[in-house]
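Going line by line, the protein sequences match chains A and B.
Just so we're aligned, residue 1 is where the first sequence starts under this note's numbering, counting upward by one.
Just so we're aligned, residue 120 is where the second sequence starts under this note's numbering, counting upward by one.
These notes are about the structure you will find just below.
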Amino acid sequence: DTGVSQNPRHKITKRGQNVTFRCDPISEHNRLYWYRQTLGQGPEFLTYFQNEAQLEKSRLLSDRFSAERPKGSFSTLEIQRTEQGDSAMYLCASSVMNWDRVRTNYGYTFGSGTRLTVV
Amino acid sequence: KNQVEQSPQSLIILEGKNCTLQCNYTVSPFSNLRWYKQDTGRGPVSLTIMTFSENTKSNGRYTATLDADTKQSSLHITASQLSDSASYICVVSYPNAGGTSYGKLTFGQGTILTVHP
């Protein structure tokens, strides 16, 4: 499978617990993005990486959220002390970013997401 | 106010019929405009991508149009099939101040299309 892989597909956790999600991007992609999507809404940007560097974090990413991409390949998103408002689909995407100012972000591809339910 | 607005919010059509979904955006300037299809519980899948200089792009039964002057885009689906039932999301990507896009996408809220037999 050469697509973006996310694990687990579903996660149910009790409020206050910590959870960690994993994203494996397409192997040659140097950019990796995390989004959050709630029911009936479009995805909202959380953060993105260029290789192993985290270049931007949204204000949506509270102190309880942390993302890493230690070797520039897979990434993890951890949520500490989960709250019911964290229940959402967490989407990962990857792309190839080149420095041609006219054409950028080839192959922007999403994973199937991790559905988090906090009870 | 959302920078990408879609209409209608939901649409029900009969199998075999055509339909058109609308997208208005205020993000300017932008690098490209994309339409994605998202099945329930799945990640978005790209249908079309257009730069600001393109005004139409087709992908099978899907045809997207773009009017950069009025900041409007549409997605036309011909001969709809039951499998077209999904959420269709309009997405705009814009460059940062340095002139290169860092790839953050601004999403519309989506149009939920239901195709009935």
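In this text, a Cβ means the ideal position worked out from N, Cα and C, and glycines have one as well.
Answer with yes or no whether the minimum CB distance from B/LYS190 to chain A is below 8 Å. As a working note, residue 190 of chain B is residue 71 in the second sequence. No, no contact with chain A.
Got a sec? Which residues, its chain only, sit under 6 Å from A/GLY16 by beta carbon, not counting five neighbours each side? The residue given as residue 16 of chain A occupies position 16 in the first sequence. Within the same chain, A/GLY16 has close Cβ partners ARG81.
Please check if any C-beta of chain B sits within less than 8 Å of the C-beta of A/ARG115. Here residue 115 of chain A is taken as the residue at index 115 of the first sequence, counted from 1. At least one chain B Cβ lies under 8 Å of A/ARG115.
Quick check on DSSP: helix, strand or coil for A/VAL4? Here residue 4 of chain A refers to the residue found at position 4 of the first sequence. DSSP places A/VAL4 in coil when its eight states are reduced to three.
Is it right to say B/ILE131 is buried, meaning 16 or more other beta carbons lie within 10 angstroms of its own, or is it exposed? Taking the first residue of the second sequence as position 1, residue 131 of chain B is located at position 12. B/ILE131 should be labelled exposed.
Whose Cβ in chain B lies nearer than 7 Å to the Cβ of A/GLY111? Mapped onto the first sequence, residue 111 of chain A falls at position 111. The contacting residues are GLY162.
Taking any Cβ of chain A, which residues in the segment 168-182 of chain B have a Cβ under 7 Å from it, in chain order? Within the segment 168-182 of chain B, no residue has a Cβ that lies closer than 7 Å to any Cβ of chain A.
What residues of chain B sit near A/GLY42, judged by a beta carbon separation below 7 Å? In the first sequence, the residue the question calls residue 42 of chain A occupies position 42. Within 7 Å Cβ-Cβ: ILE208, PHE226, GLY227, GLN228 and GLY229.
Does A/LEU39 get closer than 8 Å to chain B when you measure Cβ to Cβ? As a first step, residue 39 of chain A must be located in the first sequence, where it is residue number 39. No, its Cβ sits nowhere closer than 8 Å to a Cβ of chain B.
Quick one: residues in its chain with C-beta nearer than 7 Å to the C-beta of B/LEU201, no 5 flanking neighbours on either side, listed in chain order? In the second sequence, residue 201 of chain B corresponds to position 82, counting from 1. GLU134, VAL234 and PRO236, listed in sequence order.
If you reduce the DSSP assignment to three classes, tell me which class B/SER165 lands in. Stepping through the second sequence from its first residue, residue 165 of chain B is reached at position 46. Three-state DSSP puts B/SER165 in a strand.
Nearest to A/GLY119 (by Cα), restricted to the options A/GLY85, A/THR38 and A/ARG69: The count along the first sequence starts at 1 and reaches residue 119 of chain A at position 119. Strictly speaking, residue 119 of chain A in this sequence is Val, with Gly absent from that position. Nearest option by C-alpha distance: A/GLY85.
Spatial neighbours of A/VAL102 in its chain, beta-carbon cut-off 6 Å, leaving aside the 5 residues before and after: For the purposes of this step, residue 102 of chain A is taken as residue 102 along the first sequence, with counting starting at 1. For A/VAL102, the pLDDT reaches just 46, beneath the cut-off of 50, and the residue's location in the model is therefore unreliable, although a value from the coordinates is still provided. Excluding the 5 residues flanking it on each side, A/VAL102 has no same chain C-beta neighbour closer than 6 Å.
Taking just the CA atoms, how far does B/TYR155 sit from B/ILE231? What you label residue 231 of chain B is simply residue 112 of the second sequence in a count that begins at 1. What you label residue 155 of chain B is simply residue 36 of the second sequence in a count that begins at 1. Straight-line Cα distance between these residues: approximately 12 Å.
With a cut-off of 8 Å, does the C-beta of B/LYS223 fall near any C-beta of chain C? As a matter of chain content, chain C is missing from the structure shown, whose protein chains are A and B.
Cutting at 6 Å between CB atoms, please list the residues of its own chain near A/GLU78, excluding the five before and the five after it. In the first sequence, residue 78 of chain A corresponds to position 78, counting from 1. Answer for A/GLU78: THR20 and SER66, listed in chain order.
Using 8 Å as the limit for Cβ to Cβ distance, is A/TYR90 near chain B? For the purposes of this step, residue 90 of chain A is taken as the residue at position 90 of the first sequence. It does not: the Cβ of A/TYR90 has no partner Cβ on chain B nearer than 8 Å.
Simplified DSSP state of B/SER126, which is helix, strand or coil: Residue mapping note: residue 126 of chain B aligns to position 7 of the second sequence, counting from 1. DSSP, read as helix, strand or coil, puts B/SER126 in strand.
Does the distance from the CB of B/PHE149 to the CB of B/VAL211 come in under 8 Å? Here residue 149 of chain B refers to the residue found at position 30 when the second sequence is read from its first residue. Here residue 211 of chain B refers to the residue found at position 92 when the second sequence is read from its first residue. It is a contact, given that the beta carbons lie within the stated cut-off.
Considering only C-alpha positions, which residue in the set B/TYR213, B/GLY229, B/SER165 and B/ARG180 is nearest to B/VAL146? Your numbering for residue 146 of chain B matches position 27 in the second sequence. Minimum Cα distance to B/VAL146 is reached at B/TYR213.
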